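Residue numbers (numbering that gives the first Met the number 0): 0 to 230. For every residue, glycine included, the Cβ atom is placed at its ideal position computed from N, Cα and C. Remember, predicted model here, so these are calculated numbers, not experimental data.
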Amino acid sequence: MSGLNITHVIFDVDGVLLDTEHLYTEMLQSFASEFRKTFTINIKLKQMGRSNVEAAQIFIKELEIPITTDEYIQKMACLQKEYFPNVKLIPGVERIVEHLHKNNIPMAIATGSCQESFDTKTSKHKNFFNKYFSHVVLGSDPDLLYGKPAPDIYIKAAKMFVKPPKNPENVLIFEDAINGVQAGVAANMNVVWIPDLAITPADKIDIKQGSIFQLNSLNDFKPELFGLPVY
């Protein structure tokens, strides 16, 4: 990690800022069971980090369910209103975000969610999101040709800072999904990967790659290792 000079930070939302991934699993298992299908972890891994449309297409194709993409999105919107009202912040994230903010490190969000989904899941934490993040790039953004694992969303998020980073290597991304990690690497940025090992086998990605740094928890993050001010 020596020599890193991080000046900007971008966060994914699900599984990084908000503890939603287990809720998504429950929702999708419930959804699939309506068609007497079984939603598996392998399908979830393919969906993680993707836009709503891409996630819908994967769900429909993998389970061979006779619904349209729009029907999937509408159903998920209803389920999210049921499951997400009291979603919690991931342990450790407030400490990191408050510390970076105090030290004038610009932060943004890049999520595969659409606007409605983002608004639903963040409704109990509006002050947190409004205070600390300069902008949000959504998976439904019409400027994005491809969702994660393509780098488009992170490239756009970096360009939108009032004072953009001088180089991609000056950006640090926080991700939990393999698709998101691959997107960050493709954007030539550094990635802190906090995988949920219950659903993401560690051998699924080459964590020896120089720009990927695996942590078991956000509580393990040491900013000084990334050229950032110490706590």
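Relative to the Cα of serine 139, the nearest Cα in the group Met26, Asn4, Pro222, Ala54 belongs to Ala54. When DSSP states are grouped into helix, strand and coil, leucine 16 belongs to the coil group. Per DSSP, reduced to three states, the secondary structure at methionine 159 is coil, with no helix or strand assignment.
Looking from the CA of aspartate 11, the closest CA among Val191, Ser210, Tyr82, Asn215 belongs to Val191. Looking at the backbone, the Cα of asparagine 102 and that of tyrosine 82 are separated by about 35 Å.
Our two residues, glutamate 174 and methionine 188, have alpha carbons roughly 12 Å apart in a direct line. Under the criterion of beta carbons closer than 8 Å, lysine 80 and threonine 119 qualify as touching, at roughly 6 Å. Under the three-state reduction of DSSP, phenylalanine 10 is assigned to strand. Assigned with DSSP and collapsed to three states, methionine 188 falls in coil, not helix or strand.
The alpha-carbon separation between proline 150 and valine 229 amounts to approximately 29 Å. Looking at Ile66, Thr67, Phe160, Asp13, the one whose alpha-carbon comes closest to that of lysine 43 is Asp13.
With respect to valine 92, phenylalanine 117 sits apart: the two C-beta atoms are not nearer than 8 Å.
The stretch 59-126 contains, as complete alpha helix (DSSP H) runs of 4+ residues, the segments 68-82, 92-101, 114-120 (chain order).
Across the set Asn85, Glu70, Leu27, the C-alpha of Asn85 shows the shortest separation from the C-alpha of lysine 123. With distances taken between CA atoms, isoleucine 9 lies nearest to Leu171 out of Leu171, Leu214, Lys36.
As computed with DSSP, valine 170 is found in a beta bridge with His7. Check the Cα spacing between lysine 147 and each of Gln213, Asn126, Gln181, Ser32: the tightest is with Gln181.
For leucine 144, no alpha helix (DSSP H) encloses it, and the DSSP letter there is neither H nor E.
Counting C-beta pairs closer than 8 Å gives three or more between the stretch 33-42 and the stretch 54-66, which meets the contact rule.
Check the Cα spacing between asparagine 215 and each of Pro194, Glu97, Ser50: the tightest is with Pro194. In this structure, the CA atom of asparagine 129 is about 10 Å from the CA atom of threonine 121.
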